[in-house]
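Count the sequence shown with our numbering and you get residues 24 to 379, in order.
Encoded as structure tokens, the structure appears first; notes follow it.
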Amino acid sequence: MTTRDTQPPREGEEIDLDRLSAYLVKSEVAAGDIQVEQFPAGSSNLTYLVQIEEKDYVLRRPPFGNTVKTAHDMRREFDVLSKLSRVYAQAPVPLHFCSDTRVLGSEFYLMERRNGLIIRGTLPDDPELSATRKRLETSQEFREQVCGSFVKNLSRLHAIDIAEAGLERLGRPDGYCRRQVEGWSDRYLSAKTHDLPRADRVMAWLNENVPAESGASVIHNDYKFDNVMLDPTDLTEVTAVLDWEMVTVGDPLMDLGTTLGYWMAADVGDELLNMSFNPKVLMENVTRAQLVEMYASASGKTIEDISFYYVFGTFKIAVIAQQIYARFAAGRTRDKRFSAFDRFVAALMNTASSAI
């Protein structure tokens, strides 16, 4: 949890201010003195705060060293948000798309800036948040209310009328689960840098146990507290959901499975429990089983067996981390945060294998 959410761009991820400013003036988007800082927490697409005079924008672009365009498709993300933000209040409104890669070296887009609090890792000693911090640390009822709101918001996304939102062509729900298992298995093998026998076991089990689809809905595919903004004065109010690069139409339980994959328990060990994807104080006091019960209550769905979806979600997160580590190992990114992601991948594969 932090009130300081931007910093100067990391080395190698700087934005050319002169080119960006000239482009925005020429495109009649904005004019004036420009400043850029980076939101440092993301591991995939890069996100920047662009301040022009007294106006704030958020800029999204693919990571430097990206070699897989389909994994970081700015045009698709912009188009989806253009439609989704009309029917889902938590989706930020996109404002301008740039296809000219000469400006910043890649496509990018600007969207509105949403304000709110993102809970990450442990809670800092911040005077502005002292009352909220104390309540989270002492009230089990409040912790469950915060988690319940987080899960209900996911259920609201899944309840969107796909046709009414104009998102019928966003994905192919028939055969979605099978394609996801096969696709993420292929991605892991393509990004593989070392042997992990338990990864082979997890892939084999997933391929042998693919269920029929439970339904079709708009799914975020990376829904976690790290991608959700909350009202600092009321943590049960979600003000925004961020990072829509993997949004599609597919099985909502696959989406829930990814959320569960990020939700660590004490038995996974300190290395995973202390990762910044979720607030530790919530993970230590609210179980994955409770999250499933909250989702079942909010969605009205009967969930008889969540095991496959949890294993898949954990495996998918491991593959995402492996792809990032492979970029680091190949020298395509210099972000030192990624230097130990190979250990993170191994720990996640062990967790998925243990769940099996």
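Think of the CB as a built atom: it goes at the ideal place given N, C-alpha and C, for glycine as much as any other residue.
- By the C-beta density criterion, K78 is exposed, having fewer than 16 other C-beta atoms within 10 angstroms.
- Beta-carbon to beta-carbon, V309 and R166 are separated by about 6 angstroms, close enough to satisfy the 8 angstroms threshold.
- Note on G284: 16 or more other CB atoms within 10 angstroms of its CB, so buried under the neighbour-count rule.
- Residue nearest to V261 within the set D249, E268, V272 and S330 is D249 (criterion: CA-CA distance).
- Apart from the 5 residues on each side of it in sequence, S108 sits with its Cβ closer than 8 angstroms to the Cβ of A114, P115, V116 and P117 in its chain, given in chain order.
- By the Cβ rule, the stretch 262-271 does not count as touching the stretch 315-330, because fewer than three pairs are nearer than 8 angstroms.
- Looking at the DSSP output, I347 shares a beta bridge with no other residue.
- Residue ranges of uninterrupted alpha helix (DSSP H) with 4 or more members, entirely inside the stretch 243-290 and ordered along the chain, are 275-285.
- Counting along the chain, the unbroken beta strand (DSSP E) around H119 starts and ends at P117 to C121.
- In the pairwise beta carbon analysis, the stretch 181-198 is classified as touching the stretch 236-245: at least three pairs are separated by under 8 angstroms.
- Counting C-beta atoms within 10 angstroms of its own C-beta, S376 has 16 or more neighbours from the protein chains shown and is therefore classed as buried.
- In the structure shown, L212 falls within a helical segment according to DSSP collapsed to helix, strand and coil.
- Exclusion of the five residues before and after V48 leaves A54 as the residues of its chain whose Cβ lies within less than 8 angstroms of its Cβ.
- Taken through DSSP and simplified to helix, strand or coil, P220 comes out as helix.
- Between the C-alpha atoms of M226 and L295 there is a straight-line separation of about 21 angstroms.
- In the three-state DSSP reduction, F300 falls in the coil class, being neither helix nor strand.
- In the displayed model, Q203 falls within a helix according to three-state DSSP.
- By the Cβ-count criterion, Q61 is buried, with 16 or more other Cβ atoms from all chains shown falling within 10 Å of its own Cβ.
- Taking the C-beta atoms as reference points, A344 is found no nearer than 7 angstroms to M372.
- For the pair of segments examined, the stretch 167-181 was found to touch the stretch 271-279: the number of CB pairs separated by less than 8 angstroms reaches three.
- Collapsing the DSSP output to three states places E151 in a helix.
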